[in-house]
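Novice:
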Amino acid sequence: MLIKTLPVGHLETNCYIVTDENTLESVIIDPGAESNTILNYIEENGLKPKAIFITHGHFDHVTALSGVREATGAPVYVSKKDVCPPGLRTMHRLIEDDSFNYWKEGDSVTVGSMTFTVMETPGHSRGSVTIRCEDVLFTGDTLFRDSCGRTDLEGGDMGQILESLLRLADLEGDFEVYPGHGDSSTLDRERRFNYYINYARMQKERK
19 MLIKTLPVGH
29 LETNCYIVTD
39 ENTLESVIID
49 PGAESNTILN
59 YIEENGLKPK
69 AIFITHGHFD
79 HVTALSGVRE
89 ATGAPVYVSK
99 KDVCPPGLRT
109 MHRLIEDDSF
119 NYWKEGDSVT
129 VGSMTFTVME
139 TPGHSRGSVT
149 IRCEDVLFTG
159 DTLFRDSCGR
169 TDLEGGDMGQ
179 ILESLLRLAD
189 LEGDFEVYPG
199 HGDSSTLDRE
209 RRFNYYINYA
219 RMQKERK
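In my numbering, the protein residues as written are 19 to 225.
#1: With H, G and I counted as helix, E and B as strand and the rest as coil, what does DSSP make of Gly167?
#2: Locate the alpha helix (DSSP H) running through Gly198, then write down its first and last residues.
#3: For the region 128 to 143 against the region 167 to 183, are there 3 or more C-beta pairs whose distance is under 8 Å?
#4: List the DSSP bridge partners of Val45.
#5: Quick one: what does DSSP say Thr157 is sitting in, helix, strand or coil?
#6: Contact between the region 148 to 160 and the region 64 to 77 is defined here as three or more beta-carbon pairs at a separation below 8 Å; is this criterion met?
#7: So for Leu20, helix, strand or coil by DSSP?
#8: In the structure shown, what three-state DSSP assignment does Glu61 receive?
#9: Among the candidates Gly198, Leu189 and Met137, whose CA atom is the shortest distance from the CA of Cys166?
#10: Measure the C-alpha to C-alpha separation of Gly85 and Asp100 and round it to an integer number of angstroms.
#11: In whole angstroms, what is the alpha-carbon distance linking Leu171 and Leu29?
#12: Tell me which same chain residues have a C-beta within less than 7 Å of the C-beta of Arg87, skipping the five on either side of it?
Here you go:
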């Protein structure tokens, strides 16, 4: 499994292109901006995009979705909780679309030899998900290196994100962590040093 990180847009959202090196089949995670940057990488490396995954529906993670989807023909997977009806003004730029694949907790998508499984991890938004593949977690804006996503936007909830962080921390074994912004990390490192994970643990112990 080859993981390419492309920071895109003025918020430097991490768009990930994950590829089966044997078949060159790939998935695109969070095409946040700069569709040309994303498509150029795909073309230059002869990749075969088979799916587009959205960790959550905020504008900085989906702005290039339309262009990437049109160019690749790849199906889109997203939580329905982060999709809004036509005409509604919202932080979420995804409008209801009958062609979307609305995934939920436990759903899996296989591309080449890679199987991606969905964990619902709300708190940054109602429909935030973490995507698990082998020993890798694509955490969107739920878990960052040394931090977590903000909860003061529409659909955010501090209590929920703390529960989501605990759920991730309680996974068995270590994982590489690829967040929606900033540097990658490991789950063991975040278990030790992430203030929000440790705060969530303290809150749970007090109950």
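By construction, the Cβ of each residue, glycine as well, lies at the ideal position given by its N, Cα and C atoms.
Specialist: Quick look at the numbers:
#1: Translated into positions along the sequence shown, residue 167 becomes position 149. In the structure shown, Gly167 sits in coil (DSSP, three-state: anything other than H, G, I, E or B).
#2: Residue numbering aside, residue 198 sits at position 180 when the sequence shown is read from its first letter. Segment: none, Gly198 is in no alpha helix (DSSP H) and carries neither H nor E.
#3: yes
#4: Sequence index remark: in the sequence shown, residue 45 carries index 27 (1-based). Per DSSP, Val36 and Ala69.
#5: Taking the first residue of the sequence shown as 1, we reach residue 157 at position 139. Residue state, collapsed to three classes: strand.
#6: yes
#7: Residue mapping note: residue 20 aligns to position 2 of the sequence shown, counting from 1. DSSP places Leu20 in strand when its eight states are reduced to three.
#8: Looking up residue 61 in the sequence shown gives position 43. Helix, per DSSP.
#9: Reading the sequence shown from its first residue, position 148 is the one you call residue 166. Ranking Gly198, Leu189 and Met137 by Cα distance to Cys166 puts Gly198 first.
#10: The residue you call residue 85 lines up with position 67 of the sequence shown. The residue you call residue 100 lines up with position 82 of the sequence shown. The alpha-carbon separation between Gly85 and Asp100 amounts to approximately 20 Å.
#11: Numbered from its first residue, the sequence shown carries residue 171 at position 153. Numbered from its first residue, the sequence shown carries residue 29 at position 11. Whole-angstrom Cα-Cα distance: 16 Å.
#12: By 1-based counting over the sequence shown, the position of residue 87 is 69. Cβ contact annotation for Arg87 (same chain, cutoff 7 Å, sequence separation greater than five): Ile70 and Val94, in chain order.
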